[in-house]
Amino acid sequence: PRLALALSTVICAGCICSGDLNFVAPIITIFFLMCYLFVNLACFLLSVLKMPSWRPGFRFYHWSVAMIGMLLCLALMIMISWYACLAAFIFALILFRYVSYHSQQLNWGDGVRGVKFEWARNFLTDLDPYQHTKNWRPQVLALVGLTPNPDGSQGLVLNDTELVHFVSQLKEGRGLTILGGIVDEDPTKLKFNTLRNWNHTVSKSLRDIDIMGFAKILYSGKRLEALSHIIQLSGLGGFEPNCIVASWPIDWAVNTDARVALIKTIHLCTCLDKSVALLKTNNTATFPLNNQIMNGTIDIWWVVTDGGLLLLMPFLLQKHRVWHSCKLRLFAVVERGQDKPEVHEELEEYIKDHRLPIELQIFPMDGVFHTVTDLRYRIAKRRTLIPHVGLPEKLPPTHPLAAGSRFLRQPTFQLMSGTDLLTHKLQMERLKDIDTVPHSDSTPLFPVTSPPSPAPKRAAI
18 PRLALALSTV ICAGCICSGD LNFVAPIITI FFLMCYLFVN LACFLLSVLK
68 MPSWRPGFRF YHWSVAMIGM LLCLALMIMI SWYACLAAFI FALILFRYVS
118 YHSQQLNWGD GVRGVKFEWA RNFLTDLDPY QHTKNWRPQV LALVGLTPNP
168 DGSQGLVLND TELVHFVSQL KEGRGLTILG GIVDEDPTKL KFNTLRNWNH
218 TVSKSLRDID IMGFAKILYS GKRLEALSHI IQLSGLGGFE PNCIVASWPI
268 DWAVNTDARV ALIKTIHLCT CLDKSVALLK TNNTATFPLN NQIMNGTIDI
318 WWVVTDGGLL LLMPFLLQKH RVWHSCKLRL FAVVERGQDK PEVHEELEEY
368 IKDHRLPIEL QIFPMDGVFH TVTDLRYRIA KRRTLIPHVG LPEKLPPTHP
418 LAAGSRFLRQ PTFQLMSGTD LLTHKLQMER LKDIDTVPHS DSTPLFPVTS
468 PPSPAPKRAA I
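Numbered as in this note's numbering, the sequence shown ends at 478 without a single skipped number.
Written as structure tokens, this is what we have:
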């Protein structure tokens with residue numbers, strides 16, 4: 018340690034060259050007292066926190082003795098020289114921060130970690146998981162694809178990089194972020210070092226993209242069941258995710274499993290009272306990464322299902338430097354029988370009350386919007402006609418009218434065929450059709466809309 022020896026030499030030489038022992042003695046005494054102060058502080062914290070590893074050998078030890086010794090050391094330091102005492106503490110703080118950032122292997126023991134653990138436990142137990150709507154903030158669970166590195170090296174490949182950057186751009190919400198991924202491997206057949214390296218790779222990806230959150234990796238050969246487990250088990254107490262973010266399946270039109278997984282995920286999140294955000298890009302466009310700056314508009318489309326989440330997420334995106342130069346526009350669809358000026362006035366008042374910098378436009382319902390919004394009318398009409406035609410409220414699973422919603426009521430994940438697969442495709446086409454209108458009637462950088470989601474235990478069509 019040449020640098021340490023050089024520093025020690027400079028300190029000793031300075032004390033010797035001063036030529037006045039009375040000048041050096043108070044400084045040395047203060048540093049010795051500070052050393053004893055921190056020793057007593059460590060003993061006091063370990064005793065109060067009741068750390069299992071803290072087992073003092075002194076027979077007559079008590080935590081009050083350590084506290085008294087700490088206070089006496091502090092009092093003596095102030096009595097000797099209060100400004101020298103302050104300078105010594107500032108020097109100790111600077112040294113602590115330097116070692117914290119530059120040390121290769123840092124282990125401060127259980128004292129500091131114990132304090133953080135105690136605070137975290139107390140705050141977590143005191144935090145009410147049920148919060149008021151005005152205090153709602155996105156606690157995001159991002160579902161990403163993870164695959165082992167194909168070149169044989171250790172580590173996992175993060176497939177949904179754009180999705181992770183999107184979650185990072187929502188950090189102004191000051192909520193918890195969990196990166197959840199499923200690896201199609203049996204953990205009992207993998208080495209411990211391999212699992213540890215994979216976890217380290219995902220955690221490092223979070224730090225590189227500047228996400229303050231955690232990584233949750235689930236190892237299972239049954240992807241649909243693992244998807245359900247990771248949604249239900251992620252989080253703890255008041256830090257349970259309330260918003261699930263996932264990518265739109267690219268091959269949904271030809272891949273039956275992708276359609277089933279998406280519909281099942283939306284239905285599961287609806288049952289668990291969680292919001293769902295699906296990130297979908299065009300074939301010629303990609304979602305911007307954190308090192309890009311965008312200029313344009315973020316369009317919000319209120320179609321069939323509207324709510325505050327559609328306004329909150331674009332507002333949080335706009336706070337990030339990537340989208341800071343973009344404007345927010347709200348396109349509200351006027352349904353049948355609604356007065357267009359009245360709707361415009363109500364929404365303007367709503368936006369003003371919530372202090373949102375959004376430009377409002379009322380969009381008439383025609384074309385594809387009729388196809389989409391007719392969904393709720395068909396559902397309501399069918400429920401009204403069921404008692405008159407002599408059918409029970411709850412149709413048997415084999416009844417033709419219930420074929421379209423049978424997969425929404427199944428408690429377990431399983432593949433379907435025939436009428437159910439046709440229903441899947443029709444629903445996915447509706448969601449796809451909604452996305453075509455914003456691209457054709459406006460030129461936004463990022464359109465936001467809400468697809469129709471069937472209620473739990475209700476018919477899908």
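Using N, Cα and C, we set each Cβ at its ideal position, and we do this for glycine too.
Residue i versus residue j - alpha carbon distance
{"i": "N214", "j": "V200", "result": "14 Å"}
{"i": "F256", "j": "L289", "result": "15 Å"}
{"i": "P428", "j": "I267", "result": "In this predicted model, P428 has a pLDDT of only 36, less than 50, meaning its place in the structure is not dependable; the value taken from the coordinates is given anyway. Going from the Cα of P428 to the Cα of I267 covers about 26 Å."}
{"i": "I33", "j": "I45", "result": "13 Å"}
{"i": "L347", "j": "N210", "result": "50 Å"}
{"i": "N216", "j": "Y236", "result": "11 Å"}
{"i": "L196", "j": "A278", "result": "18 Å"}
{"i": "A275", "j": "P146", "result": "32 Å"}
{"i": "L158", "j": "P167", "result": "26 Å"}
{"i": "I28", "j": "I248", "result": "58 Å"}
{"i": "D356", "j": "A349", "result": "12 Å"}
{"i": "A59", "j": "C52", "result": "11 Å"}
{"i": "A30", "j": "Y78", "result": "40 Å"}
{"i": "D370", "j": "S222", "result": "39 Å"}
{"i": "T557", "j": "W318", "result": "With the chain covering only 18 through 478, there is no way to say anything about residue 557."}
{"i": "R138", "j": "H246", "result": "24 Å"}
{"i": "S25", "j": "D37", "result": "19 Å"}
{"i": "Y115", "j": "F108", "result": "11 Å"}
{"i": "G252", "j": "I280", "result": "23 Å"}
{"i": "V181", "j": "G230", "result": "12 Å"}
{"i": "Y100", "j": "I234", "result": "52 Å"}
{"i": "L54", "j": "W71", "result": "18 Å"}
{"i": "F75", "j": "V82", "result": "12 Å"}
{"i": "V161", "j": "R224", "result": "16 Å"}
{"i": "L112", "j": "L91", "result": "19 Å"}
Cutoff 6 Å; reference residue i; Cβ partners in own chain excluding five residues on either side
{"i": "N259", "result": "Q156 and K291"}
{"i": "P305", "result": "M311 and V339"}
{"i": "S457", "result": "Annotation note: pLDDT 47 at S457 (below 50); position unreliable, no value reported."}
{"i": "L110", "result": "none"}
{"i": "V293", "result": "I261, I283 and C286"}
{"i": "G131", "result": "L66 and M68"}
Residue closest to residue i, alpha-carbon to alpha-carbon, out of the options
{"i": "A232", "options": "N57, L173 and L88", "result": "L173"}
{"i": "R240", "options": "F332, I95, T164 and A105", "result": "T164"}
{"i": "M84", "options": "F61, R76, C286 and W319", "result": "F61"}
{"i": "G198", "options": "N176, F380, L327 and W99", "result": "N176"}
{"i": "F134", "options": "G74, F106, V65 and N216", "result": "V65"}
{"i": "V351", "options": "V360, L345, Q309 and K344", "result": "V360"}
{"i": "C286", "options": "L250, G313 and W319", "result": "L250"}
{"i": "L63", "options": "Y53, L50 and W80", "result": "W80"}
{"i": "L50", "options": "L364, N307 and L89", "result": "L89"}
{"i": "E202", "options": "L180, A243, G192 and L193", "result": "A243"}
{"i": "L482", "options": "L345, F183 and L329", "result": "Residue coverage of the chain in this structure runs from 18 to 478, which leaves residue 482 outside it and unanswerable."}
{"i": "N307", "options": "L328, S117 and I228", "result": "I228"}
{"i": "G325", "options": "I368, E363 and I234", "result": "I368"}
{"i": "L329", "options": "R191, N139 and G36", "result": "R191"}
{"i": "R154", "options": "L193, F140 and T303", "result": "L193"}
{"i": "E189", "options": "H341, W269 and L141", "result": "H341"}
{"i": "T205", "options": "T178, G238 and I226", "result": "G238"}
{"i": "E179", "options": "P18, T303 and L20", "result": "T303"}
Counted within 10 angstroms of its Cβ, other Cβ atoms place residue i as buried (16 or more) or exposed
{"i": "A104", "result": "exposed"}
{"i": "P381", "result": "exposed"}
{"i": "T282", "result": "buried"}
{"i": "Q186", "result": "buried"}
{"i": "A263", "result": "buried"}
{"i": "V320", "result": "buried"}
{"i": "N57", "result": "buried"}
{"i": "L22", "result": "exposed"}
Sequence-distant residues of the same chain with beta carbon closer than 7 Å to residue i, five excluded per side
{"i": "L144", "result": "G254 and G255"}
{"i": "C343", "result": "M311, N312, G313, T314, I315, Q335 and L462"}
{"i": "I379", "result": "A349, V351, K357, V360 and H361"}
{"i": "C102", "result": "I47, M94 and I95"}
{"i": "Q309", "result": "V339"}
Beta-carbon contacts of residue i that lie in its chain and below 8 Å, excluding the five residues immediately before and after
{"i": "S98", "result": "P43 and I47"}
{"i": "V219", "result": "L163, L173, L175, L196, G198, A232 and I234"}
{"i": "N272", "result": "P266"}
{"i": "L141", "result": "L253, G254, G255 and F256"}
{"i": "V41", "result": "C32 and S35"}
Would you check if there are 3 or more beta carbon pairs closer than 8 Å linking the segment 364–378 to the segment 323–339? yes
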